[in-house]
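Below is one structure, written out as C-alpha cells; comments come after it.
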Amino acid sequence: MVLSKSKQWLYTAEKNGPFQRPHLVKSKGVDRLVKGKGVVKSKGVVERMGSVNIGTWNGRGLEVMDMFRRRRIQIGCLQEVRRKDDGVEMIDGYKMFWAGNKDGTSGVAVVVAEDWADRVVRVHRTGDSIILVKLRYGGKMLNFISAYAPQVGRAEIDKENFWDSMVDVCSQIPDKEGIMIGGDLNGHVGKETGIYSSVHGGFGYGDRNEGGKRILEFALGMNLRIGNTWFKREEEKLVTYESGGNKSVIDYILFRKSEWYKIKNVKVINGEECIPQHKLIVVDFNVDFRRHRKVIQKEKIRYWKLNDVNYRNSFEAKLEKDKELIDRTVGVEEKWKTMRDTWMEAAKEVCGVARSNRVHRRKWWWSAEIAAVVKDKKSKYRKWHKSKREEDRLEYVEAKRNARRCIGKVKHDKGVEWVEKINRTGGKNGGNGEISRVVKQMKVEKQDVVKSNCIKDKRGEIVVVEEEISKVWVEYMSKLFNEENIWDGITTAEMKEGPACRINEEEVRKALSKMKQGKAGGLSGVTVDLIKASGEIGVKWITELCNGVIREGKIPEDWQKSIIVPIYKGKGDIMQCSSYRAIKLLEHAMKVLERVLEVRIREQVVLDDMQFGFTPGKGTTDAIFIIRQMSERFREKGKKLNLAFVDLEKAYDRVPREVIRWAMRMAGVEEWIVSVVMTMYEKVSSVVKLEHQDSEAFDINVGLHQGSVLSPLLFIIVMDVVSKDIRKGLPWEALYADDLTLVDEERRVLRERLVEWKGAIEAKGLKINMEKTKIMEIGREKGNIKAKPNCKWPCGVCEERVGGNSILCIKCDRWVHGRCSGIKGSLKKCEGVFICKKCMGVGLCEVKFNEGEGDGGVFELGEGTNLEVVEEFCYLGDMLDVEGGVDRAVEKRIAVGWNKFHEMKGIITKRGISLKLKGRLYDSCVRSCMLYASETWAMKVCHERDFERAERRMLRWMCGVRLTDRVRTEELYRRLGIEEIGTKLRRGRLRWYGHVERMNDNCWQKRCRIWEVEGVRPSGRPKKTWEDTVREDMRKLGLSGEDAQDRVKWRKAICPCTG
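Adding 521 to a residue's 1-based position in the sequence shown gives its number in the working numbering.
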C-alpha cells in the first residue's frame, strides 16, 4: 500500500516571542490518498499532538515546554514525569495535568496550551500510569490519554492490570467522541502486519514481542489504529528509543479507525537535546472547526477612573449641564430613560470605553538572553550527536553549564523583582493589590477544570453547539424559576393600611454608602459607581425616581429585566446545569430602593429569636454555641439528644409570589410597602449570560430574586410566618435562613415535630429535601466512624494514650488500658490471648433506635419516607458528632487550614517576601479559617497541641526553617509578627464569653449556659465543659466574670499577648 506524504503544516509565522502560541489558519482542504477511498478532501483546522517519555521532569521541564512551543504542539502527552501525587500547574504558557505517586517515581501527564486550557471539561486519573483529559474543540469532544505501560521486567499481574485499566478508560468514552492516545507502551508491534491488518498499517519496525501483541490486541478490541505504522518513513523517523546502539519503537500514537481520514501525519522528530534517549513522536490531525457566532461585545465603561478627583469633577460638571432635562421629564419610565442616557453618555465621554476582552498572558522569566544560550546549547548538541567527537562533546558540556548559570541568574533576578513588587503592594486592600490578584490566579491555575464550554441536556447527552447550549440553559432556568410546588392557596391576611411615606435624600445617601463599587450592573449598564460619582445630583435623581415608583405603583421596564450568571458551586459535575448557582444581575438603581425599603420593613417586623440568618447582631457562632451548650447539658446528665438537620429544596426559587405578599401582610408590613415590593416581581424576565452570547429572554413567575438585597429578609419573614403556629422556639428549634435544626430528647417527639414542620412548610409551596435532611443522636458511642487518635499509642477502646498498665489485643494489634480491658486482677494472666471489646463487639452501640422506631441507620418518618442517620454533621461550618465532643471539629478545622495554606503557598512560602507580610496574610487568611467557631468549643490540652503542631509546621515552612535547625517556635512567631495560637484561642473564647455575659438575660445564648437538664449526673469524672475551659482562661489572666460587664476593661485585659 502506497500513501502520499501529508502536506506541509498550515501555520503562520510565530509572533511576539516565545510566549504567544502560533496562530492557526484554516485549511482550504487537504487532499490525501486513502486506501480504498481515493482522494479525500477534509476541511478544518490542523492541530498537533506530541508524546514523549522525558525520563524526569526535574531539570528538563521548562526545556520540554520550549520544545513543544517550537514544534507547534498544542497537546502533549508525557511519561515518566516523576512528580509526586496528582496535581495541575500553569508552566510557561502551558497547563500541565499530572498523575503521580507518593514516591515520585513513574507518573504521566497531559500538557495543554494555555489558550486551550479553558476548553478542558474533565480530567480523569487512573493510578500513576494513565491520565485522560477531555476537552471541547469546535463542535466535538476530544479525549487525550497519556499512558505509561509497565516495563519488560515487571510482573505479569502489573501488565494485565494496566491494560485492563486502559480498556476501562477507553470503553467509557462515547463512540461519537474522539480518542487520541500517546504513550510509552513498552512493546514492539513489529514491522509486518500479520493478522492485525485492521490496526497495523504495515510500516512498523523490528520484530514483534509479547508486549507488542498486547498493544495490537488492545487496539483491535477498542477499534483503534496504531498511527506509527500507517505512514511510510525512513528509519530515523520511525525509531522512538535509542540507547547504546540499540534501537526500537516503544512509543506510539493511537486513534479511532473512524477518524483515520483526519490524520495527516505521524512521525518521529530527532535532535531534541532535552530527551536524549526517547524521541518525540507527533501527529498532525484535522479538527472540524465551528466558528463562533460573532457577538458584538458591550462597551465597557472605565468606571474606575471616577475614583480620580479630576475625572469625578468632569463627570459632575457634565451632569450639571443636563439636570434641567431630568427635571422636565414626567413619569417613571421617561425619567429613568433620561437619567440612564445622561449617565451613560457622560461616563463614555469622561472615562472612555474598553472593547477588548483580551486576557493578558502571564509573564515568566523566559527572555531573549535565555533563548540565545539555549539555542547555542542545542546547536552544539546536534553537532556532537552527528560527529561523535570528544572536542564537540566538551563544547556541548560547557554550553550546557553556561545555560544553567544563565537561567539561574535570570530566574533569581526576576524573582527578586516580583518579590519587591509584592512587598510594595502587600498593604493594599481588596482585589487591587498584587497579592489578591496572584492568589486568585494561582487558585484558578491549580484547578483541573476552570469552566465548562459545554453542557449536558436533560437526557444526559453532551451539547457543544452554542445555539443548543443556549436552549439547554433556557429550558433549565425556565423550569427552575417557573415550577411551583403544590400549596394550599390560602392568602387571607389583614392589610395594614397607612399613607405612603416619601423617601428622603438622607435615606438614599445611607443606602448608597452601604453599596460596594466595582460590581457588575444590569442590562442598562448604570452602576453604583456612576450614581456615587454624581454626588448630590445623583442622590436627588434617585430620590425622585424612587418616590415616582411609590406614587405610580410601577417600575421602569429596565428594572423588570435581569441577567442570570451561572456560577459553578465547586462540586458536582461541571457539565450539569444543577451544579451551578443562578445569580441575577439586577439594576443598581433598583437596589438603592430595595435597601431603603429593607430598613423600613425591619422597623415594622418583629422576628422570632430562633432566626439567626440575616439578622443584625446574630450569626453562625450564636447558633453553633446554643447547639453545643445543649449537647453539653444532656451529656453531663448521661442523656441522649436527638437532632434533625432539615434542608429545604431550592428554597429561594420555589417560594410562590402570593406567599411572599401574604407573609408580609401577616408580619405587619404596611400595604404601600407590600405593593412596591410586589411591583418588583411583576412581568419580570431574564436572559442567561453565556460565553459567546446571551440566551433568549424568558419569563420568571416563581421565587425570589437571587442577588437581591431584599430577598434574604423576605425569605426569613416567610419562614417566620409559616412556623408561627407550630414552633416551640429556642433552644428546641434554630433557623439560619433556610437551615432548620430541630432538637428533642425523645425521638418520638422529634418525629412528630418534623412531621408538623413538613406539613406547614409544604402548605406554603416549600419542600423538604429528604435526601439531604439528616438525623443525629448525640450521646451514644460511635459505631462506624473511628476518631483520629490524638497520640502515638492510643488505646484500642477509648483512643486515649496508654501507659504501662496496658495489654496487647492479639486481633487488632493495639494496646488497651487495664481499665478498658475488663480484666479483673493482673493483666499478665491474659497476655497472648487477650481480645479487646471492640474486636469482640461487646458494648458497642449500633445505629438502632428504641421501640422499633428505626434500624440500620434509617429514621422512619412515615408514609414510606426514611431519613439517613449520621454520626457526624457539618452544621454551619462546624463539625458535630454523636459523642458531643470537639475531636472531629478540631480535625476538620486543621484540614481546612491546610487546604487554605496550600492555596496561598505560592505567596506565603515564597523566598524574599517580607516575613511580616507573610505573618499578616497567614493570620488573616489561614489561621482565621482554622479557628472558625473555636470560641464555642470545650477544648482539651490535646486539642490545643494538635493546633500547635500543625501551626509549627506551617511556620517553619513560611520561614524556610527545618526542624533540625533548632530554631525555637517563639523566634518564628517573633519573625512573623504574630501571636501564639494558644493565646489566639484563649482570646477568642474570652471575647465570646464577654459578649455573652453582656447580653440580655432573656437571650438564649446566655440562658443555655445555666439551663439545667433533669436527671442525675452519672458516676465518674465529668466531661470537660466550655465553662471549665473559660474559667481556666480567666484564672491565667486573673479575671473574674464581673469584669466582663465593662467592655472596655475586658478588651484591654484579654488583648495583651501574654499567657
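Note that beta-carbon positions come from the ideal geometry of N, C-alpha and C, so glycine has one too.
Please read these numbers as outputs of a predicted model, since none were measured by experiment.
Check the DSSP bridge columns for residue i and list the partner residues they point to.
i            : result
residue 1297 : 1164
residue 1402 : 1393
residue 776  : 701, 746
residue 1241 : For residue 1241, which the question treats as bridged, DSSP gives no partner whatsoever.
residue 1265 : 1163
residue 801  : 790
residue 763  : 768
residue 610  : 617
residue 1582 : Outside the shown range of the chain (522 to 1580) lies residue 1582, about which nothing can therefore be said.
residue 1169 : 1289
residue 1210 : 1215
residue 1260 : 1257
residue 710  : 729
residue 605  : 622
Mind checking which residues open and close the beta strand (DSSP E) that includes residue i?
i            : result
residue 616  : 615–620
residue 1338 : 1336–1338
residue 1201 : No beta strand (DSSP E) holds residue 1201; DSSP gives it neither H nor E.
residue 1521 : Neither: residue 1521 is in no beta strand (DSSP E) and is coded neither H nor E.
residue 598  : 596–600
residue 1254 : 1254–1257
residue 1484 : Careful: residue 1484 lies outside any beta strand (DSSP E) and carries neither H nor E.
Would DSSP call residue i helix, strand or coil?
i            : result
residue 1440 : helix
residue 570  : strand
residue 1557 : helix
residue 1420 : helix
residue 1460 : coil
residue 737  : helix
residue 806  : strand
residue 485  : In the structure as shown, the chain starts at 522 and stops at 1580, and residue 485 therefore has no counterpart that could be examined.
residue 859  : helix
residue 1562 : helix
residue 1219 : strand
residue 1235 : helix
residue 1550 : helix
residue 785  : strand
residue 931  : helix
residue 1531 : helix
residue 1071 : helix
residue 875  : strand
For the alpha helix (DSSP H) holding residue i, just list the boundary residues, first then last.
i            : result
residue 1181 : 1178–1187
residue 582  : 582–591
residue 1493 : 1490–1497
residue 979  : Premise fails: residue 979 is in no alpha helix (DSSP H) and is neither H nor E.
residue 831  : 830–849
residue 986  : Per DSSP, residue 986 belongs to no alpha helix (DSSP H) and is neither H nor E.
Taking only runs that begin and end inside the segment 1016–1064, name each unbroken alpha helix (DSSP H) of 4 or more residues, in chain order.
1026–1035, 1049–1054
Which runs of the beta strand (DSSP E) fall wholly inside the segment 625–683 and span at least 3 residues, in chain order?
Runs of beta strand (DSSP E) with 3 or more residues, each lying fully within the segment 625–683, are found at 629–634, 641–647, 651–658, 661–669, listed in chain order.
Do the segment 829–848 and the segment 724–733 make contact, defined as three or more Cβ pairs closer than 8 Å?
no
Whole alpha helix (DSSP H) runs in the segment 1075–1140 with 4 or more residues, listed along the chain?
Secondary structure remark: continuous alpha helix (DSSP H) runs of at least 4 residues inside the segment 1075–1140, in chain order: 1109–1125.
Contact the segment 568–578 vs the segment 693–707: 3+ CB pairs below 8 Å:
yes
Touching or not, the segment 1246–1258 and the segment 1343–1350, by the rule of three or more beta carbon pairs under 8 Å?
Contact between the segment 1246–1258 and the segment 1343–1350 is absent: fewer than three C-beta pairs spanning the two stretches fall below 8 Å.
Would you call the segment 1268–1282 and the segment 1118–1126 touching, i.e. three or more CB-CB distances under 8 Å?
no
Sufficient close CB pairs (3 or more, under 8 Å) joining the segment 1202–1209 to the segment 1140–1147
no
Using a Cβ distance threshold of 8 Å, determine whether the segment 848–865 contacts the segment 1046–1059, with at least three qualifying pairs required.
yes
Hey, is the segment 1292–1302 in contact with the segment 1161–1173, meaning 3+ C-beta pairs nearer than 8 Å?
yes
Pairs of beta-carbons, one from the segment 1404–1412 and one from the segment 1461–1480, closer than 8 Å: are there three or more?
yes
Does the segment 589–606 come close enough to the segment 618–628 that 3 or more CB-CB pairs lie under 8 Å?
yes
Given 8 Å, three or more beta-carbon pairs between the segment 685–692 and the segment 784–798:
Result no; under three Cβ-Cβ pairs closer than 8 Å.
Counting Cβ pairs, one atom from each stretch, are 3 or more of them under 8 Å apart for the segment 1171–1178 and the segment 1223–1230?
yes
Across the segment 1551–1569 and the segment 1507–1522, are there enough close Cβ pairs to call them in contact, namely three or more that are closer than 8 Å?
yes
Would you be able to state if there are at least three C-beta pairs under 8 Å between the segment 1083–1090 and the segment 1145–1163?
no
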